[in-house]
Every structure is written in C-alpha cells, then in structure tokens.
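First to last, the sequence lines map onto chains A and B. According to this note's numbering, the first sequence is numbered sequentially starting from 259. According to this note's numbering, the second sequence is numbered sequentially starting from 259. Note that beta-carbon positions come from the ideal geometry of N, C-alpha and C, so glycine has one too. These notes are about the structure you will find just below.
Protein chains: 2
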Amino acid sequence: MAKKWVYDFEEGNKDMRELLGGKGANLCEMTNIGLPVPKGFTITTEACTQYYEDGCEINDEIKAEIAEHVAKLEASTGKKFGDKTNPLLVSVRSGARASMPGMMDTILNLGINLDVVDTLAEKSGNPRWAWDCYRRFIQMFSDVVMGVSKSEFEKLIDKKKNEKGVKSDVELTTEDLKELADEFKEMYKGAIGKDFPDDPKEQLDEAIKAVFRSWDNPRANVYRRDNDIPYSWGTAVNVVEMVFGNMGDDSGSGVAFSRDPATGENKFYAEILMNAQGEDVVSGARTPMKIEEIQKTLPEIYKQLLEISDKLEDHYRDMQDMEFTIEHGKLYMLQCRNGKRTAKAALKIACDLVKEGKIDEKTALLQVDPRNLDTLLHGSFSKDTVKAATQIGKGLPAAPGAASGKIVFTAEEAKAAAANGEKVVLVRLETSPEDIEGMKAAQGILTARGGMTSHAAVVARGMGACCVAGCSDITFSEDGSSFTLGGHTYKEGDVISFDGSTGNIYDGALTVQEGAIEDEDFATMMKWADKYKTMAVRTNADTPTDAAKARELGAEGIGLCRTEHMFFQGNRIDAFREMIVSDTKEEREAALDKILPLQQGDFEQLFTAMEGDPVTIRFLDPPLHEFVPKTEEDIEKLAKTKGKTVDEIKGIIAGLKEANPMMGHRGCRLPITYPEIAVMQTKAVIRAALNVQKAHPEWTIVPELEVPLVGIDKEMEFVKDIIVETADAELKAAGSNMQYKVGTMIEIPRAALTAGDIAKKAAFFCFGTNDLTQMTFGFSRDDAGKFLGSYYDEKILENDPFAKLDTVGVGKLMKMAVEDGRAANPDLHIGICGEHGGDPSSVEFCNSIGLDYVSCSPFRVPIARLAAAQAAIKQAQ
Amino acid sequence: MAKKWVYDFEEGNKDMRELLGGKGANLCEMTNIGLPVPKGFTITTEACTQYYEDGCEINDEIKAEIAEHVAKLEASTGKKFGDKTNPLLVSVRSGARASMPGMMDTILNLGINLDVVDTLAEKSGNPRWAWDCYRRFIQMFSDVVMGVSKSEFEKLIDKKKNEKGVKSDVELTTEDLKELADEFKEMYKGAIGKDFPDDPKEQLDEAIKAVFRSWDNPRANVYRRDNDIPYSWGTAVNVVEMVFGNMGDDSGSGVAFSRDPATGENKFYAEILMNAQGEDVVSGARTPMKIEEIQKTLPEIYKQLLEISDKLEDHYRDMQDMEFTIEHGKLYMLQCRNGKRTAKAALKIACDLVKEGKIDEKTALLQVDPRNLDTLLHGSFSKDTVKAATQIGKGLPAAPGAASGKIVFTAEEAKAAAANGEKVVLVRLETSPEDIEGMKAAQGILTARGGMTSHAAVVARGMGACCVAGCSDITFSEDGSSFTLGGHTYKEGDVISFDGSTGNIYDGALTVQEGAIEDEDFATMMKWADKYKTMAVRTNADTPTDAAKARELGAEGIGLCRTEHMFFQGNRIDAFREMIVSDTKEEREAALDKILPLQQGDFEQLFTAMEGDPVTIRFLDPPLHEFVPKTEEDIEKLAKTKGKTVDEIKGIIAGLKEANPMMGHRGCRLPITYPEIAVMQTKAVIRAALNVQKAHPEWTIVPELEVPLVGIDKEMEFVKDIIVETADAELKAAGSNMQYKVGTMIEIPRAALTAGDIAKKAAFFCFGTNDLTQMTFGFSRDDAGKFLGSYYDEKILENDPFAKLDTVGVGKLMKMAVEDGRAANPDLHIGICGEHGGDPSSVEFCNSIGLDYVSCSPFRVPIARLAAAQAAIKQAQ
C-alpha cells in the first residue's frame, strides 16, 4: 500500500505521535476536541526518513501530496499563497516523536513577498506590522534555510538604529523597516549569489527541507544521545496557518503550564508577551508578564486559557505545557505537550494526580523519568549560576552530582585539604585504586582519560561522588603541575566546577544545591515501584558504608561485592603484595593468611548490613599487576619484607606486565593457577556468614560465592570444586548446615555461547556487561574514547555501549545465555551487575529477557527500582 | 539397557575400535578371521570412563563382569589362576581408540606366585625360565602398578651380577634369579609397606586399575595434546593368555611390517629376538635380528608370518604393523594395527595401494595424515642425531622445520652473519615487524614469549622458517647478552638446535635433513586432493615471494594480504611514521601519497603472481603505535622531517599508547577516524589491478578489498562507502568496467552475532579466527601463555584454541555468522584466514559449516588441500 505522507490536522490524533511527531499529533488532537487551533497539516516523520534515503531530496510523490494539502489549506482558509487580496501565510515547524525543545528549526511568516506585504499593510491598516513580518521572515529564512548568520542581520538593525538615533526595535518606523528589508535582501544575494525567493511555494519547499535537515544538526545529535532518542525516528514538519501576536495591544504570544513545572504545585502558570510573536518570548529579548495581568484587559481570554488548560490536563492526564497566540483578542492554541519538569515536580505531580483520582499508580510510575531522580539524589547547580558561568569543556557524565572547588592533582593533597575543611576537586589523568581515599575527600573527580566504566567512573558512582571522566581536551603540562582546558591554564588552587550529570565543566565557583531524598512523594513513588516491579534490585557494594547507603535507598541485597576494592584500605595492600611476589605456594598461603581475617571482617559487615538478604561476593578479579607497588619506597619496603633484592622485586613486577591485561591473567584464571586464593576467599566468606548467622538467628543467610571471568565450563567446575571442598570443610567444622550458592559472572562471550554447559555447574549467573560489552565489541573501555567520538559523529553508534546496553549484539548473547542456561538448569537465578544495571533502558531490556534481578551502584538503586517497575508495567501492557 | 563392559575376543570385531580400543578390536578381528591369537578378553573404554567417574574405583558391576570373563578364559584355556597343575598367566595391556605407542602401561606374566613358579618350572622343565618370569613380574608390577622405580630393581640385578662375576642377565643362574626374586619382594615390602600380592585375582584387579590410571599419566596427556586425541576417550584393557617367547631357542618375540615404514617400499619387513619376551624387543637391550635369518631354522613360521602379513594387509587395506611371539615353534599374533610411517612412506604406500587396485583414491587420501606433510615441506633432524642430543628445553611448535646454528640476539647480527655465510639462529624475547629481515636470514627463530599466533610464529610460518615460540623457561640476563635454559648459559656464538614441529630445543649442533617435495607420490596425492575437495585453498601472503611460493604449493588465490607487513621493507616506514604523527588531514594525505606508489607496486606483484585468481587485500589493521619509532635516533629523524621537537614526537607516541591495544584504535576504526587511509589503500589496489589487467588481458582480475575488525554494520557501511566512491572514481578515470568486491573480516564476536546486518553490505566474509578466538575467550594471545599451562594440567583445555579451532564456542559464532550471513545475502562468499585455516581438524570443521575457502600460510597450503579433500570425502560418506 502506498504510504500517506501528509495529514491534515483533522485526520490525525494524539496516538499518532510516531508518524506525526508530538507536536503534529497534539495539534490534531486539539483540533478534534474542538480547541481553537489554526488550520494546517503535518508532513510525516516517514517523509523525513525518505528524504534522507533519497539523498536529501523530497521526492515527487511527497511533493505532490504536499501541494495537494496546500491547496486544501488554501480552500479551507479562503486564503492563497501570494494572493494580492487574501494571502496565505504559514509557519513551518519541526516536531519529532519526542520533544526536543529548541533543537530544531522553525520558520514563521512564510508566504510573504513584496506584493503580499503591501496587501497585509493595507488589509491590517498596520503597515509597520506588515513590514516587520517581512523583515523577520527574510532574516529567519536566510538563517535557518540558507545558513546566513542571524547576527549579520542584527548588525544591520543596530546600524539602522544608530543612524536613526533610536534605542529599541519598536522605535523603528515603517520606512526604516522597508529600508532594512531591502538591505537584508541585498545581503542575502551577496551571501547566496541569487535573489531572495519571492515564490511562496519555493519558500515552502526550501523551508521543509531545512526542517528535515535540522534533524541532523550537531546540537540535535548531542541532545538525542543525551536523551536516548534514536536518529532513525526523524522529525515531522507542521505547516500551520499564521496567526499574529504582533498585531497590536490586543495581540500577544505566550507559554502556559497547567501546574508549576518547578515545584509541581497544582496551580496554572503562564507568561505572555503582548504585541509579539512566539520567537520574541523564546529569545528572551523582552521580559514577558505573568498571565494574571491580562485578567483585566482580556478577561475572556484569561478564562478561556484556564478552561483549556484544565481540559487538556484532564484529556492527557498529565501536566501540560502549552503555547498560544492571541490575535486581535482571539485565542489560538499552537502547541500542547506533557511539560518538562524538575524531578521534585515530577514526583509531586504524579502523586497528586493519583490523589486527585485522575491516574492510577501504574500511570504515575510511568510519568516519572527515572534518570531525573539523579538530581534528587545528588547535588546540582542552580539554573542561574549555570547561566552566568563560563563553560570551558565537556567530558563524559560519569557519576551525577555537582562539584565546585579548588584544584588538587593528587589523592594525598585531596585528603590533606579536606582535613583542613577546604573544598577541593581532584583532577587526574586517570585514577587507580590507590586514589580511593582522596576521591572520597574531594567534592568531585575530573579525569582526562577513561570512559563510563573507567575506575574513576565506577568508584565515584559507587560512593555517590560527582565525576566527569574522559575529558580528552585536557592537556597536562609535562611536570603535571597544571593543565589547559578551553584555552585557560589551571594550576593547583584554581577553582573550577563541573556537573557529573551533563559532563559540563565550568571556570570558577558555581553554587551547588544539595540533593534531598527526604521527600514524601519520593517515598510514595518508591513504594509503588516496589509493588509493581517483578525484578529485584540489588546493589554493587564493596564496603560496609556503600552497603548501608544502598540499603537506605532500597537495595534488596548485594549483587556484586568486588573483594579487591577493599585491598587498598589501610595497609592491607602490603600483605596482598607479599602474596603476589611469593615464589611458592607456602609463601602465598602465609601472605593469604594475613588477608583472611581482614576480608572476613569486611564480609561480616556486609552480611550484617543486608540483614539476611542475599550477598554475592565475587572472587578476586583484576590482573595481579594492578596491585604491585609503583614507588621506589614501596618497592624497597616489599623487598625488605620478603627478603628479596629490589631488582628481584622489579623483575617480578616486570614479569606480571601484560600486553592486554583485560584479557590476561585475571578472574578465574587466578585460582586455576593459584587455588589457594580461592581457598582463602571461601574461608573468609563462609566464616563471616557463620558468625553473622550466629549473631542473628532470625535471619537466614545464604552466601553467594561468585566466580568471575568464566568462559569454559571446566573452569567453573575446577573453581567450584575448590570452593565446595573448602566450604563444606568449614561448615562441618562449625557443625552448621548453612546453605550457600556457587555461581558465575557471564562476562566472556564464550560463557554466553556455552551457557548451557556452565549452567549445569552454577546456581546463578550474573551478567558482567562491562566486560561482556568490551569483548563482544572488541572495545577496550580504557581506550575506546579515542575513536568513539568519530563513531558518534558518523552515527555509527548513537550511544556509548558501556552506558546503554547494546541490545542487538550483547543483548543477543544475554538472551542466548538466559535461554540455554535455564533450559539446562531450571533453578538458575540470573541477574546483571554491570553498570547497565542502573540504566533505565537497559533495565527494561533485562526485564524483557526475564532476569531475576538487576544490581547497580547504591545511588542508582532508586532509579533501577523505578525503571524496573516501568519495565514490568510496560511488559504487562 | 545395561552396558556390556567386557568382551571376549570372539565377541568383537575391527569396527568396535571406539569401545574396545584399537588393540582390542584388532585382536577380536584376527581371532575371527582365523589367525593364531591367544585367548583373552577386552575391558571397554567405557569402563575406563566409568572408573574415573566413580572416583578412580572399579565398580562392582564391572568387577563382576571381569570375574565372569576370567572364569570363561579359565574354562576355554583349561588353565586356572593360581592352579598348581595348570596355572593361567596373562598379560594386561592398554589399548586406546587411537594408537599411543609406549604412552601407557602393560604388565606381563600376571598370575604368577611362588606356587605357580614351581609348577611352571616343573611343567616346562625349564626352572630358569620360570624364575625369570617371576622376577620380571615382580619388577613390572612394582613399577607399573605401585610406582616403585624400575631402576631400583636394576640396581639389585647389577649388584647380583657383580657378586657372581657375570656380565649379562642370561648368565645368571636359576638360583641367582630365586635370590633376586626374594630381594625384589623384600624391596617391595620396604617401599609399599605390605607383602607382595600372591593372589592372581588381586594382581589382576590392581593391574587393570593401573592401566586405567596410566591414561592420565603426564606423558600420555602431552601425547594426546600433540596428536589431537580427546581425554574423554579413555583406554580399553586387554587381558590375554600369556604365550612365552622366552622358552628357549625355538621361541622368540618380534615386530613385523607388511611394507617398509621408512620408505614405503612394498617389502615385508620384520625383526625378531629369539628366546625373549616382547619387552626385550622394545627395551632395546639386545639387538634383534632380521626375520630372514629364521628362514632356515623355522621355515614354516617364516612362511606363515608372510602369509599372515599379506592377509592382514589385504584385510585392512593398509600397511600393517604386527607383534608376534613364537612359543616352542608355534606362532601367535599379539597385535596388528595400521603402521606408523614417515610422510614419504605414507605417500608411497597410499599411491602403491591404489596402483595395486587395493584401495581407491579417496581411501588413499584418507590414509595420509596431513600434518605429516610438514616434514616433507621443511627440514627435519635425523633420528640418530636426535637420539644423541641433549634436550635443554621445550617451547611451542610454532613453525615447522629444524634449525641449528650459532646464537645471535638481534636481527642486524642475523643479517650480518648470514651475509658472511654463517648459519645462525635468532633468539629473542619476542619479535616485532622490524625484525623481519633478520628472521629471514636466520636458520630459525626462538622466542621466550608469545604463543602460536604471536608475531614470530605467524611471520615464520609465512616465510616457511622454523620457529619455536614462547619458551618461558628461557631467562635472559639483564643486559640481554646471554640467556639460561635447562641449566646452561648461552652466549652469542654458542650453538643450539631446535625443532619447530615439536618445540624441542637441544644443546649444540644437530644434523638437518632437508625437506623435499619433488616427490612423484606427493604430486599424485595433491592431484587427487584437488579432485575431491570442495573448498578452495588460498594463502595468506604479504609479499610477492610468499605469493610465488604459495602458488607453487597450489594456492588458488590470496585469502589474506596484510598490507602493513610490507611497511618495514626498506625505508617505507619513514613515510608511514610521518603519516602517524601528522596533525592535519592534509599532512596525513601528503605522507600517504608517498606510500601509495609503494603499496601499488606490491599489489601489482601479488596480482601478477596469482594470474587472475582472487586476491584479498585487507586494509591497515594494527594499532598505529606498533609503527612508531623506538630508538632515540629514529625519533630525532622523524622530528627533523616533520619540523617538530623530539619532545613533541615523544608526546604523540605516548598519546598513542593503549591499555589494551588489541581492543583499541585499530582495524576499521582507523579509516573511520582517518578516512584518507582507506582512500589511499583503495587507490593502490584499484590502480594495481588495472595495470596488471592491462598487461594480462587474458586474465579476469576482480580485486577483493577487505575491511578488518568490523563489529557494527554501520562501520562496514561507512568504510565501504569510502572504498566504493574512491574505486568508482579511479575506474571511471581509467575508462574501465573492472569488477571489484568489498567484504569484511569476521573477527569480532559482535560481527558474528550481527552477521545478517553486515552481510547486506558485504560481498564476502572472511573469518579472522585469531582475533575471534581472542575476544570470544577473552584470552590475549600475547599473555595467555601465563596460564594456559595450568589449563592443560587441569584438563580445562586440551588444546591451544589459537592452534586448533574451538568448535564449541568460536565455532558456534562462525556457524551463526554463516547461516545469518547467507540468509541475508545468498551470494555471500565465505572463507577463513586465521591460523586455523592450515590446521586439519579446523579445516574439517570449516568444511562442515559450508565455507567456500580456507586460507593459510604458504607452507601449509598442501596440508590444507589434503585436509580439505579428507573433509569433503568424510562429509560425503
């Protein structure tokens, strides 16, 4: 069947958002429910996609359909393009499936030319208005359609004002505007090399193409990436009969909200600019007034607006954001949509709508964007402070929050400064486990290297600290005592600020607003989320502090405890280093004996924090060389302890170096060469569990021991045998019949491919999607930053696969693993503990393939709970 | 149905090799065709597997069945275990599905004890023989079953000979042997702590367990890995009535071959040792005589042996290796099997059997082990020289051949020495592209690091040079002027030898026999191979020399030309380095312009060498930092050329460093960031093809341009667009309508997972199984050596997945990619160009999933041709 490319507003409705875009669908809906909407039609998003497929041309079929609808519009309005007695003017507006405010282009007053301007002047009796419309159109068309910079025209206006000795635009006379229009057209010709088009149909054709084109402009691309909007959607184009808010004091343009978008208060909120077009409201050149001020001058309009606001909110069952124009005392609605709002407002509105009986709990849950909760859980910069600030760069939004403080370059300095009560930010090339205490002490962490799953990012998210990672524009000086960014040079003590939710970096200090989760609506929403979600939400927590925080935020267990993250606390690393450089199994066991009680203590605290809920402890994972001493001092210390020479220690360290450590001697490969490591860790887990179980007989503790990096079923079998033998001996010695589970991470492609074999030996699977993404793509997460930029530019990738799960490739492996795993072992319990466990769209995918739980960093637990609820509700629908 | 664990020789036949092992199946077969075989039975390989499953115990069911068959044997022989009048003695022999000569254990004379020995002495009238049997049994049982070292017993024998003043064993009297038997049993008791077992049933039980256990001994494990025999097969156990070759001058034991195993000549060949048991022949303590010598003393036996040899060869239709014993002038056959033979003999025998009308061509093809061809294509050490040599270590058999020469440590020294006519071997920690000329000059390359797909291994195989890689026991001195291995220290100029087919390293010089492929039988066999194989065999060749060699060896095209391998020739690297450190696209293009004519010239030679057959040229693949200058001198040179400071160049080089370069900025990621690289390479390929096509209008050249490391369909689309645009412009400018193909490597797991999408944009797929194995397992091939040893020890892996394709995991991805790729693009042409393309078992897998071609290094082409033919024949069967 032939596609229909163009819809009159009478032909569509609000459910056709995919085809007509949000704006188009809602213009149709408003038309159908009898609201005052100018006449017009929508060119579909499919036409946009077709335009790109046709090499950026509008094909004849679509052109013909547009022409048909122009004729219909002319008939229904009784106006005609270019007509000398009753000319038709239209606006041409973009409108994608999802709202992308300000990202794409709009052209007003299209259809105007020298003939039409005269007619307008005559018919309206307002020649100044007519000529103002004309010069605005030339300016907008030149800028949007032909790429002649707006500022060039502004310069001409300024020149004119100087010549005439006036200060504001409104003081320019009709004659001035006529002259300006001529000058504008001359500049257009100079820049483009041909005359400004007079034919309205040519204007329309160019304008539609410009809107299509604007779908692909850089700021739209960035916005889409930040907001999970696929490039493939395309934008619709709305062609709407012009109504004029700039026809005098009984005219105006404005914006209205059915409730307060900042606080969520149930109170109509609107602003209006009299005698102005919509672009004047948006540009901020003049300050609009509160809508209440027209109660006296235009009481009917005010009343009508209120009624419409209520009607639309009831109709859409959500807070509405509306654009309107008043032309000679008559109200026209130009747009309505579910309004953007702060996280606080989102929660309040959703809860209030339930209380008011307008929506049910499930709808309320679906109304809140889980990602917005970040601002509730972390600090953020106030809007005003951001407006006034100078942005000097942008990195990856690695861990949300807002940081502002003096620059320090080392973890030691951060600790020292924090001890003195100073607010500092830690700026590093990259971070390593040794930096953890400094990272805690700082307001935030900024790194030049590393992606969304780099050490800095993962650790910062874990501790709820703000982090901007991988800002590759930062260039450090050779001695590391300063860096340049955005043309400035920064030394220790200089102040910068950055936003971990956007990645933006600013010069100087910005005001930070603290986050607050002591919100009744937040609690209500989380209660509802837990009621409807079907997946459990656990947390990735390595320390008792993290675990306690996660528990407070609703974690139902620990899905991932990275045992090695505790090794840098105090002087624990010493014993671990002794283990690494040991020559014999006996030496290794002696060193491991020192670590055992420390690990056991940590695990006891984790079991206690989780109050009998599941705790998964992953066995030692990273390559050993990550732990070796780096300073001469530390090397000497180790040499002395081990009775070796410094050269011998250096030799051992050099021997541990690997070409590709991510695929090297790590994970389960460690206990296969050194089984004693798994023996020690098993003892630590089981003894800890036994102690906590004894102290809390009211809980039922079932520790989960997790083998990392399995790719071969026999690896699992081998390590499991060690664990079971050790654990059973411990339990027997304690006279306990405590249950425990042995499972594995699924993070190697081969593990997913052979999940059926592995599942026979595992009680649970947990997808380690960081590594799985890395191996499936062959992207080193530490190095991919070098080329991912080009990938976004060329639209080879639209999202960072380390932040948003690649459901096509990695997801296929996960689906296979779930199906084959469950087929082989119906009792298999399956979760995810990669960074994706806290990403809403990834959580939805996990729900769709039937995972039992997701696990994420503590501060993402509420996001995951809400996302899991939304996923369950959507899937049931 | 209950399993049958034991079979009498009357119950089995030659086709039951899987269940009864090779020896058991053939003992059954010989029994059934009426040859003189002692009575006995076989315990199945399944019983062995069950033994391991039961925790190294023989379960009651199996025990009962053995007892039943012992009773049957007693009945049929009229002898009884431990009987004082007619005692039964048996041998207990291992026998796996595949022949593993000398790898597992055998016990003779079982059933003997003090009572029995007296009976035997009396009945035979030969007490010395009886006591010799007894002492032999004690010795063998103690060694094989209980692990008391044989040499301890030999010491006692030597002591006895000294006491008695005699020189050889045969001079010891009956009385001496009695004393020895007592001393042996005393020593047994001292070592084991209990009396030597007298009960034949206890002896049998222990002996069977010992044979099962010997399946898992270290030398058997190594042999299996070297010979592709799965651990899961297990061994059968044969219990055979003893016949005695040591009963006097009318008795003897020997080995016979139906044709000469060294030359293949169609001539009966056998050796016999009179008055001896089989173990004496094998041990080599006495020198056997040619069988022809018994023509006079035992003419009937001689005749009978000849008849049996003919009968067995006709029956099995292959050269037979037979063991026999003559007891008091009566012949017994103890074993027959298809004989091991040299490669030369294998070819001759197979061709002769066809000529003689005994087998058809397909059977002949299946008779030759493709891996054996290596010795024909490369040099090898003579058997005698190896016997006399001192082995000092073992590395990976990375590239076949034999090397012997003076040690040099640098490529420069290798070149210089070779120029002086000296034979040298290059010993390195690892090699890099800069070493290539030195590698060519050396007799062989030995490296301390790196696996089967390391640079040294890949390059050596390509040039047909001998290479032993990854000998981790080598320790270099700090200044690199010497290394230690096997307790010796070697300096420059010292002589060592090594075998690239086994990985063995020897002290001093060994005699090298040159390989020779000018063999008529080889040519015949290759002709037949080409006739029956269905996959094409291409070669991986980077240089015109490699290409010419491969063509000579039968390559039907180039499946992989690694363009970057030519960059280190002459001073080409200079221009490439200029490209790498360029700041702008223009600078890069200027440097690339210098490289273009050089690449074009190389490609012209490749197209010419292949005479119109397909040539696949892979675009630049490795990370750029592999090419950066390493010496101060080179850095200064580059700085000067580029007008930069040395520090700036060092800064750029540091910036190119990656944490995990295998998953870094390489492959198609390079042209996505720097499209001009793909533009240059496309021009070079198309221009070269045009020139060669012009010079040879009789050929039809269709160049194949290959994009490496694709994991996302849009990567392919992006690079393909560049290639097509560039190529079409070149062809248009030349007025040519030459066809060309654009395809991709499948070497990233995600490429296999999304093969359907990628196939829509690709004319061909080529599996890069080196990288695919790396990412699928998460094994860095440069680092995996550190833990693969433990993996073999623990039987987590039985083979190096970089040498033998992992059909379970990697193979699953390949199968998916073939199916999804062909479904999306039925014209898709699919091959493999990883190192697995030359491995016979991997070739068989490739055939089974329907690949169109395999591509391997030049010297593996004949192996791949034969393997492809075998695969096709087997699949058709």
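Which residues bound the beta strand (DSSP E) around C725/B? 724-727
key: Strand pairing of R595/A, partner residues [DSSP]   = D579/A
Going by DSSP, what residues sit across from S662/B in a beta bridge?
S755/B
- Beta carbon of I959/B, beta carbon of A947/B: below 7 angstroms? yes
Proximity to L967/A [Cα-Cα], best of K952/A, D1058/A, T1002/A
T1002/A
* Of the residues that make up the region 397-417 of chain B, which ones have a beta carbon closer than 8 angstroms to any beta carbon in chain A? -> none
> Leaving out the 5 sequence neighbours to the left and right, which residues in its chain are closer than 6 angstroms to L1124/B when beta-carbon positions are compared?
Replying inline: P628, A787
Start-to-end residues for the beta strand (DSSP E) that takes in R629/B
Unbroken run through R629/B: none, as it is neither H nor E.
Original post:
With DSSP run on the structure shown, which of helix, strand or coil describes I450/B?
Top reply: helix
What's the C-alpha gap between F1035/A and G1108/B?
-> 25 angstroms
- Task: Taking C-beta pairs closer than 7 angstroms, name the residues in chain A that V1066/B reaches, listed in chain order.
- Result: T1012
- Message: According to DSSP, L684/B sits in a beta bridge with which residue or residues?
- Response: V666/B, I703/B
| query | Unbroken alpha helix (DSSP H) runs of length 4 or more, entirely within the region 347-383 of chain B: which are they? | reply | 372-382
Would you say E1077/B lies against chain A (beta-carbon separation less than 7 angstroms)?
no
| the region 1074-1083 of chain A contacting the region 1034-1049 of chain A, beta-carbon criterion three pairs below 8 angstroms | no
Discussion item. In whole angstroms, give me the CA-to-CA distance for K569/A and F299/A.
Written reply: 23 angstroms
message: In the DSSP output, what is Y590/B paired with across the bridge?
response: T583/B
Note to self: Is the beta carbon of V295/A closer than 7 angstroms to that of M577/A?
What the structure shows: no
- The beta strand (DSSP E) with A514/A in it runs from where to where? 510-515
Using beta carbons (cut-off 7 angstroms, strictly below), is H1094/B in contact with chain A? no
For this session: Taking 7 angstroms as the cut-off, decide whether the C-beta atoms of E529/B and P546/B are in contact.
Result: yes
For this session: Using a Cβ-Cβ cut-off of less than 7 angstroms, give me the residues of the region 965-991 of chain B that come near chain A, in sequence order.
Result: L967, G969, I970, K972, E973, F976
- Contact set between Y574/A and chain B, taken where Cβ atoms lie within less than 9 angstroms: Those do not exist, as Y574/A stays about 37 angstroms from chain B at its closest Cβ, beyond 9 angstroms.
- Cβ separation of V683/A and G708/A, assumed to be a contact under 8 angstroms, to the nearest whole Å: Going by Cβ atoms, the distance from V683/A to G708/A rounds to 16 angstroms, so no, they are not a contact pair.
Whole-angstrom C-beta distance between W263/A and A329/A, which should lie under 8 angstroms | A329/A to W263/A, Cβ: 15 angstroms. No contact.
Can you tell me whether L372/A is buried or exposed? The criterion is at least 16 other CB atoms within 10 Å of its CB, across all chains shown.
exposed
Report task. Spell out the partners DSSP gives G298/B in its beta bridges. Result -> V498/B
- Which residue's Cα is closest to the Cα of L1030/A: K789/A, V1000/A, A1061/A? A1061/A
When A706/A, A723/A, M710/A, T711/A are compared against G696/A, the one with the closest alpha-carbon: A723/A
Task: Pair within 7 angstroms by beta-carbon distance, N367/A and L346/A - done: no
TODO: Give the DSSP-derived three-state secondary structure of Y998/B in the structure shown.
DONE: coil
>> Counting only Cβ pairs nearer than 8 angstroms, list the residues of chain B close to K1053/A.
In response: K972
Please identify, using Cβ separations under 7 angstroms, the residues of the region 993-1011 of chain B that lie next to chain A, in order along the chain. I1006, P1007, R1008, L1011
Q.
Cutting at 6 angstroms between CB atoms, please list the residues of its own chain near R386/B, excluding the five before and the five after it.
A. T432
Extent of the continuous beta strand (DSSP E) to which Q649/B belongs:
649-652
Exercise. Taking C-beta pairs closer than 7 angstroms, name the residues in chain A that F1023/B reaches, listed in chain order.
Key: Within chain A, no residue comes near F1023/B; the closest Cβ sits about 16 angstroms away, beyond 7 angstroms.
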